[in-house]
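A short write-up of the structure that comes next.
Residue numbers (this note's numbering): 6 to 147.
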């Protein structure tokens with residue numbers, strides 16, 4: 006099953022007093038992975054985002070299985086979990102990468118709604134076809 010992958014090296018600023026990664030950073034990495042996916046796989050959507058399209062995060066979660074520390078190398082792998090009229094659900098896995106192999110350290114999920122700005126308000130809009138096509142490459146099997 007194909008996943009879009011964003012790799013990251015943990016920095017000291019992402020850790021807490023105890024030395025492990027502060028939990029909120031996993032959610033930040035979901036956002037970064039999503040942004041890099043758009044840059045790499047659906048660049049025309051970025052232009053739409055600067056005009057009147059909005060991808061509004063409506064739900065986010067993360068299950069932590071193991072800790073990460075400064076200078077750990079982590080691969081965040083994103084797959085499409087679901088696609089409806091104007092909602093996209095993305096599934097994330099966080100893998101620590103070492104010379105010995107990979108260890109799953111967390112799983113996450115994020116749902117975004119496609120909206121259009123109309124004056125002062127946001128209204129639901131279908132997921133743009135270019136984005137649908139890019140996401141289909143990373144769909145979970147039925």
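For each residue, glycine too, the CB sits at the ideal point set by N, CA and C.
When secondary structure is reduced to three states using DSSP, residue 15 falls in the coil class, being assigned neither helix nor strand. Across the structure, residue 20 and residue 112 are spaced so that their CA atoms are roughly 19 Å apart. A distance of 8 Å or more separates the beta carbons of residue 83 and residue 119. With respect to residue 140, residue 88 sits close: the two C-beta atoms are nearer than 8 Å. Counting of Cβ neighbours within 10 angstroms places residue 101 among the buried residues, the total reaching 16 or more. 78 is the residue among 27, 18, 78 whose C-alpha sits nearest the C-alpha of residue 105. Linking residue 22 to residue 128 through their CA atoms gives a straight-line distance of about 42 Å. Collapsing the DSSP output to three states places residue 135 in a helix. Excluding the 5 residues flanking it on each side, residue 25 has same chain C-beta neighbours closer than 8 Å at 72, 73, 74, in chain order.
Residue 116 is positioned such that its CB atom lies no closer than 8 Å to that of residue 137. For residue 66, the enclosing beta strand (DSSP E) has its first and last residue at 58-69.
Spanning the alpha carbons of residue 142 and residue 14 requires a straight line of approximately 26 Å. Burial of residue 30 is indicated by the presence of at least 16 other C-beta atoms within 10 angstroms of its C-beta.
With 16 or more other Cβ atoms from the protein chains shown falling within 10 Å of its own Cβ, residue 50 counts as buried.
Excluding the 5 residues flanking it on each side, residue 99 has same chain C-beta neighbours closer than 6 Å at 79, 81, 110, 111, in chain order.
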